[in-house]
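Basically the numbering used here = 1-based index in the sequence shown + 396. Reviewing the structure listed below.
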Amino acid sequence: MGVEIDGRIVILSEIEGALERRAERAARHIAVELENGTVTLTGPVRSSREREVVLGTGRHTPGVKAVVDRLHLSPRS
């Protein structure tokens, strides 16, 4: 169980760090959840481009099997 929890923390940290580096400022308002290799991204994005950057970040993180998109367009976020 310890390895599973440690792996979970690593995956979450990688996604959150990548969002801070790659996505626009609104990405800091995105919640990241991980369950059995499936990442759920929830929150506002300012553009379709930003949505793709955020989703791509999740998809390209080692250990992620699937990404659930719960992002919503909010140009003023």
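Glycine included, C-beta positions come from ideal geometry on N, C-alpha and C.
Sub-8 Å separation of residue i and residue j beta-carbons
i, j, result
"I426", "L437", "yes"
"V460", "G439", "no"
"V435", "I411", "yes"
"L467", "V441", "yes"
Reduced DSSP category for residue i - H, G, I as helix; E, B as strand; rest coil
i, result
"G459", "coil"
"R447", "helix"
"R404", "helix"
"R472", "coil"
Test: residue i CB closer than 8 Å to a CB of chain C
i, result
"R424", "Given the protein chain composition of this structure (a single chain), no chain C is represented."
Cross-strand partners of residue i (DSSP beta bridge)
i, result
"V428", "L437"
"D465", "L437"
With 16 other Cβ atoms within 10 Å as the buried cut-off, status of residue i
i, result
"E429", "exposed"
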